[in-house]
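Enquirer: Take a look at this one; I'll ask things after.
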Amino acid sequence: MCGLSVKPSPVRFNHLLLLSLVILLDSKAQQTELEWISYPPNGWEEISGLDENYTPIRTYQVCQVMEPNQNNWLRTNWIEKGNAQRIFVELKFTLRDCNSLPGVVGTCKETFNLYYQETDSEVGRSLRENQYVKIDTIAADESFTQGDLGERKMKLNTEVRIIGPLSRRGFYLAFQDVGACIALVSVKVYYKKCWSIIENLATFPDTVTGSEFSSLVEVEGMCVSDAEEEAENSPKMHCSAEGEWLVPIGKCICKAGFHQKGDACEPCGRGFYKSSSQDLQCSRCPAHSFNDREGSWRCDCEDGYYRALSDPPSVACTRPPSAPQNLVYNINQTTVSLEWSPPADTGGRNDVTYRVICRRCSWEPEECVPCGPNVGYSPAQSGLVDTYVTILDLLAHANYTFEVEAVNGVSDLSRTQRLFAAVSIATGQAAPSQVSEVIKEKVQQRSIQLSWQEPHQPNGVITEYEIKYYEKKDRIYSTVRSKSTSATVNNLKPSTAYVFQIRAFTEAGYGTYGPRLEITTKEEATGRMYIKNARQNPVIIIAVVAVAGTIILVFMVFGFIIGRRYALAVKFPGTKTYIDPETYEDPNRAVHQFAKELDASCIKIERVIGAGEFGEVCSGRLKLPGKRDVSVAIKTLKVGYTEKQRRDFLCEASIMGQFDHPNVVHLEGVTVAGVGVGFKYPLGFVSINHFLFYSSFFFSPGKPVMIVIEYMENGSLDGFLRKHDGQFTVIQLVGMLRGIAAGMRYLSDMGYVHRDLAARNILVNSNLVCKVSDFGLSRVIDDDPEAVYTTTGGKIPVRWTAPEAIQYRKFTSASDVWSYGIVMWEVMSYGERPYWDMSNQDVIKAIEEGYRLPAPMDCPPGLHQLMLDCWQKDRAERPKFDQIVGILDKMIRNPNTLKTPVGTCTRPISPLLDQSTPDFTAFCTVGEWLEAIKMERYRDNFTAAGYSSLESVARMSIEDVMSLGITLVGHQKKIMSSIQTMRAQMLHLHGTGVQV
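Using full-length UniProt numbering, read the sequence shown as starting at 1 and increasing by one per residue.
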């Protein structure tokens, strides 16, 4: 049977909706026979009658109360439900009281049953009871007696029942009589819907109510013509189960050029505009503008008037200002001062500024050229707010023309002629400009020869130059003069720093001094004292010559031996090449060459901040003569050290002393005890002169052995990240990685292989600058014996080391790149231990079989791909540090490549997963899983929230975890990481339906 619906016109939201029903069946509305199926045929009977208003109706009646065991069925025709999921059935019926029927008390009933059957189409006229679903047993609120019927007092009962949710195209209703005297007066079947409306300039279509009594169906509206959605707030409403529109959200607003009138948007009229959809009404065109069309978002300017690009459409059109007034000037040799009054007409704007045009002219009229960049303007040449300017550095005895123009925001848009005030001036005589280019020609112990270029603007004939000089430490100056552009300054002290300045002189006077030039005279020749004394004693001359000859011969032989021994340490000019301190037989010599010796009295130790392999690490202050004290870290050599420990300790200083890069820890210097850093004392040289000569290369005994480096306030990178877990943006983390890569690029370019690159060996200062440190060549970590793998060649940090370095001890820059990939993983996981609790042997085996660390949580895919590139098995396939720096620079310049939704960086499935991660599918309870990941403290949190199975846990998101009251970011990430792995195992191993 086709349903009957009455659809009203679109209505406003605040109207009371009375017609929210869609009628599918109404037996009272049918005038012909209903022809429903009755079984058995002598049960329900269709008859004609009158309702309470005496209107003819078709009814079904049954009243076989005299016979026991009645089972009379009545089925309606097939009812197509349309889009409805929740159906209402309204029954109106009369029922006779059994007490008014004598003799049938045991068999008479006062109820009947209501059933339904869902089908996609009509199933014929057969009726099978077992295919029907019972809705309810229907009882009468009021029953009638025979006397009532005779008096035409029909006691009509009304009952409503709900069916749903329905999923098929249609259904049948069925009525079962089990021995009652009943008449079905009316059967109405309907569902409810919200009719289409217009609200907040948005149209909402007809919407069928939800399947549940409390459900609200969210409906997104469509803006009416010439309207648009409000920013980030699209229009929505909710259709209630009763067919009413509720909870309006968002709205539409009329576009620029249109305004709201009722439920529609109308265009602005001629002479009006609306520049933004946020404006409520159209506005009249501002001054000096117009439009002659409807629906305008702005008005055009009249001829001669303009609107700047930065002006909103609501601003009146304006014009350029008139010329400045009352321009006056003042000349002081080659300096000109200009002053003027504001223009009479500002063009209707308040952003008037001034600009000055300078031209140098010949004595012939109209032959002028721009002044050029050598002329200065104070405070500026253009953008002047005040009405004055000073022009500097003009040429002497020259003609100039100055134009002062007033400009505003529309001056550059105007096509009319410029308006300005102008003045012509002739400059007078002036002193020369600075002598800026000074060259040191020859530097001796007691004299310095200088040369220079003539000033760029001599402003006349230069007659002489004055050279002022003084010792840098006392600033008591002297002067010499020269007629040419060169001079020699004599009577200077050897090994002394002097400062020189030069100025030129003309008839107009002296110019200003040029920039300072600092030069240090040469050292006094060795043996000068002996030569001076030798003038008085010829015997001394002979002795000195003999000793000198012997020394020269010894040094030639000794130098030849040393030259061959240390040929590998030759450093050619202009190159940066790392020199291995191991090539030196005596480590003190390497220290002397590469590190600065510090006096222990300049070092103040304040507190112990850690312990290293060789001794304690302290913080303190370093105060060098003539310099400010600075914070430093001090590595000390513990008491009772062996000779090998001392050599290794000094070796690290010799390495650090060769590096100078902002991302490599800087060595301030060393203090060394015992044997000097010069040559070993040669046997056979026993004269007093020999002893005095060689003793100059020895350090005095008793000094502590210390390495002094710059102080890094935030300590090692791994501990710093664990302390601040989750507190940095991805850009900040990538910036740290970029700094580490830059430091490693510098070391790689020098030919240095670190061998022990890890987050624990990166130091962080107060500005979050990361610097590579710890050049001790794969030291033993005392508190973590599992961190190294012993081979015949020493100890290796397995979790950070490339496969070829573990297996064959092949350490190269490519193996450092592998280690850098592990450092990237440490940084993005905030200091998590690589490979977690796997043993070293398991790590080696897993890597050999192709396993690689998965992406940490919230790690951008591009960063994890760079890690995987660093972990290529073939070292030739790994990127160079120069390429890594370039990749990270591109990511920093384009932050969109680093965006990834929280929790979307899932870990890849690998057959080796079982080697490093528990099989979560083997656990039976949530408690066992939490205990396995050491998060059993949250067992009650999961239980209270209703997470009783691992399948429900596998569906959790980061928001679900946070809702349990787990506030520590590190714990949140650990639990989510385990959930992602569990999810992956379920999909990979069991093929469950858990949604990843």
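In this text, a Cβ means the ideal position worked out from N, Cα and C, and glycines have one as well. None of these values were measured; they are calculated from a predicted model.
Just grab the DSSP bridge partners of G49 for me.
Expert: Translated into the one-based positions of the sequence shown, residue 49 becomes position 49. G49 pairs with I57.
Enquirer: Do you know how far the Cα of S337 is from the Cα of N330?
Expert: For the purposes of this step, residue 330 is taken as the residue at position 330 of the sequence shown. For the purposes of this step, residue 337 is taken as the residue at position 337 of the sequence shown. Their Cα atoms are separated by approximately 5 Å.
Enquirer: Can you pull the DSSP bridge partners for D136?
Expert: Your numbering for residue 136 matches position 136 in the sequence shown. BP columns for D136 point to L114.
Enquirer: Quick check: what's the CA-CA separation for N491 versus R446?
Expert: Locating residue 491 in the sequence shown gives position 491, where the first residue counts as 1. Locating residue 446 in the sequence shown gives position 446, where the first residue counts as 1. Cα to Cα, the separation comes out at about 6 Å.
Enquirer: Have a look at V823, S48, T76 and flag the residue whose alpha-carbon is nearest the alpha-carbon of residue 1027.
Expert: A question about residue 1027 goes unanswered here, because the residues of the chain that appear run from 1 up to 996.
Enquirer: Kindly give me the distance between the Cβ atoms of V632 and T671, rounded to whole angstroms, as I take these residues to be in contact under 8 Å.
Expert: If you number the sequence shown from 1, residue 632 lands on position 632. If you number the sequence shown from 1, residue 671 lands on position 671. V632 to T671, Cβ: 12 Å. No contact.
Enquirer: Under the rule that 16 or more other beta-carbon atoms within 10 Å means buried, what is V788, buried or exposed?
Expert: For the purposes of this step, residue 788 is identified with residue 788 of the sequence shown, where counting begins at 1. Note that V788 scores a pLDDT of 47, beneath 50, so its modelled location is shaky; the value from the coordinates is reported in the next line. Classification of V788: buried, given that the 10 Å Cβ count is 16 or more.
Enquirer: Relative to the alpha-carbon of D874, which residue among E232, Y851, E804, P856 has its alpha-carbon at the smallest distance?
Expert: For the purposes of this step, residue 874 is taken as residue 874 along the sequence shown, with counting starting at 1. D874 has its Cα closest to that of E804, out of E232, Y851, E804, P856.
Enquirer: Could you tell me which residues DSSP puts in a beta bridge with D300?
Expert: By 1-based counting over the sequence shown, the position of residue 300 is 300. DSSP lists F290 as partners of D300.
Enquirer: Would you tell me roughly how many angstroms separate the C-alpha atoms of V591 and T967, rounded to the nearest one?
Expert: The residue labelled residue 591 in the question sits at position 591 within the sequence shown. The residue labelled residue 967 in the question sits at position 967 within the sequence shown. Using only the alpha carbons, I get a separation of about 51 Å.
Enquirer: Which one or two residues does DSSP pair with P370 in a beta bridge?
Expert: Taking the first residue of the sequence shown as position 1, residue 370 is located at position 370. The partner list for P370 (beta bridge, DSSP) reads R359.
Enquirer: Are the Cβ atoms of L101 and C181 separated by less than 9 Å?
Expert: Numbered from 1 along the sequence shown, position 101 holds the residue referred to as residue 101. Numbered from 1 along the sequence shown, position 181 holds the residue referred to as residue 181. Contact flag set, yes.
Enquirer: What would DSSP say about I979, mapped onto helix, strand or coil?
Expert: Taking the sequence shown and counting its residues from 1, one reaches residue 979 at position 979. If DSSP states are grouped into helix, strand and coil, I979 belongs with the helices.
Enquirer: Would you say G82 and V22 are within 9 Å of each other, going by their C-beta atoms?
Expert: Locating residue 82 in the sequence shown gives position 82, counting from the first residue. Locating residue 22 in the sequence shown gives position 22, counting from the first residue. In contact: G82 and V22 (Cβ atoms closer than 9 Å).
Enquirer: Using C-beta distances below 8 Å, list every residue in its chain close to N374, excluding the 5 sequence neighbours before and after it, in chain order.
Expert: On the sequence shown, residue 374 is found 374 positions in, with the first residue counted as 1. Counting only Cβ-Cβ distances below 8 Å, and skipping sequence neighbours, we find D393, H456, Q457.
Enquirer: Kindly indicate if chain B contains any beta-carbon less than 9 Å away from that of E118.
Expert: Looking for chain B here will not work: only one protein chain is present.
Enquirer: Applying the 10 Å Cβ sphere with the 16-neighbour rule, what's the burial state of W818?
Expert: On the sequence shown, residue 818 is found 818 positions in, with the first residue counted as 1. Classification for W818: buried.
Enquirer: Helix, strand or coil for P583 per DSSP?
Expert: Counting from 1 along the sequence shown, the entry for residue 583 is found at position 583. The sequence shown places Thr at residue 583, rather than the Pro named in the question. Residue state, collapsed to three classes: helix.
Enquirer: Measure the C-alpha to C-alpha separation of R722 and R738 and round it to an integer number of angstroms.
Expert: Translated into positions along the sequence shown, residue 722 becomes position 722. Translated into positions along the sequence shown, residue 738 becomes position 738. Going from the Cα of R722 to the Cα of R738 covers about 19 Å.
Enquirer: By DSSP, does E524 sit in helix, in strand, or in coil?
Expert: For this step, residue 524 is matched to residue 524 along the sequence shown. Of the three classes helix, strand and coil, the one that applies to E524 here is coil, per DSSP.
Enquirer: With a Cβ-Cβ cutoff of 9 Å, do D120 and R161 count as a contact?
Expert: Here residue 120 corresponds to residue number 120 of the sequence shown, with the count starting at 1. Here residue 161 corresponds to residue number 161 of the sequence shown, with the count starting at 1. No, the pair does not count as a contact, with Cβ atoms beyond the cut-off.
Enquirer: Please classify K635: does DSSP put it in a helix, a strand, or coil?
Expert: Numbered from its first residue, the sequence shown carries residue 635 at position 635. If DSSP states are grouped into helix, strand and coil, K635 belongs with the strands.
Enquirer: If you follow the beta strand (DSSP E) that D869 is in, where does it begin and where does it stop?
Expert: One-based indexing of the sequence shown puts residue 869 at position 869. Here D869 belongs to no beta strand (DSSP E); instead the alpha helix (DSSP H) covers 861-870.
Enquirer: Taking the beta strand (DSSP E) that S486 falls in, what are its first and last residues?
Expert: Against the sequence shown, residue 486 aligns to sequence position 486. Segment 486-489, the beta strand (DSSP E) holding S486.
Enquirer: If you measure between the beta carbons of T401 and S382, is that distance less than 9 Å?
Expert: Counting from 1 along the sequence shown, the entry for residue 401 is found at position 401. Counting from 1 along the sequence shown, the entry for residue 382 is found at position 382. Result no, Cβ atoms of T401 and S382 do not sit closer than 9 Å.
Enquirer: Using a 10 Å radius around the Cβ and a threshold of 16 neighbouring Cβ atoms, would you call S126 buried or exposed?
Expert: Mapped onto the sequence shown, residue 126 falls at position 126. S126 is exposed by the Cβ-count criterion.
Enquirer: Can you list, in chain order, the stretches of the beta strand (DSSP E) that have 3 or more residues and sit fully within the UniProt domain "Fibronectin type-III" (431-524)?
Expert: Segments of the beta strand (DSSP E) lying fully in the UniProt domain "Fibronectin type-III" (431-524): 438-443, 448-452, 464-471, 477-482, 486-489, 497-506, 517-520.
Enquirer: Does the stretch 491-504 come close enough to the stretch 461-469 that 3 or more CB-CB pairs lie under 8 Å?
Expert: The answer is yes - the stretch 491-504 touches the stretch 461-469, with three or more Cβ pairs under 8 Å.
Enquirer: Under 8 Å by Cβ, that's how I've got W73 and A174 pegged, so tell me the actual separation to the nearest angstrom.
Expert: Mapped onto the sequence shown, residue 73 falls at position 73. Mapped onto the sequence shown, residue 174 falls at position 174. Going by Cβ atoms, the distance from W73 to A174 rounds to 6 Å, so yes, they are a contact pair.
Enquirer: In three-state terms, what does DSSP make of L246?
Expert: If you number the sequence shown from 1, residue 246 lands on position 246. If DSSP states are grouped into helix, strand and coil, L246 belongs with the strands.
Enquirer: In the DSSP assignment, the alpha helix (DSSP H) including C651 goes from what residue to what residue?
Expert: For the purposes of this step, residue 651 is taken as the residue at position 651 of the sequence shown. C651 -> alpha helix (DSSP H) spans 643-656.
Enquirer: With DSSP collapsed to three states, give me the class of N200.
Expert: For the purposes of this step, residue 200 is identified with residue 200 of the sequence shown, where counting begins at 1. In the structure shown, N200 sits in coil (DSSP, three-state: anything other than H, G, I, E or B).
Enquirer: Going by DSSP, which residues form a beta bridge with F88?
Expert: Translated into positions along the sequence shown, residue 88 becomes position 88. Answer by DSSP bridge pairing, in chain order: I162, Y190.
Enquirer: Let's test the definition: count the other Cβ atoms within 10 Å of the Cβ of F213 and tell me whether it reaches 16, buried, or not, exposed.
Expert: As a working note, residue 213 is residue 213 in the sequence shown. Exposed is the call here.
Enquirer: Taking the C-alpha atoms as reference points, what is the distance between T906 and G615?
Expert: Stepping through the sequence shown from its first residue, residue 906 is reached at position 906. Stepping through the sequence shown from its first residue, residue 615 is reached at position 615. Residue placement at T906 is flagged as unreliable, the pLDDT there being 37, under the threshold of 50; a coordinate-derived value is accordingly withheld.
Enquirer: Using three-state DSSP, classify A600 as helix, strand or coil.
Expert: For the purposes of this step, residue 600 is taken as the residue at position 600 of the sequence shown. Correct three-state label for A600: helix.
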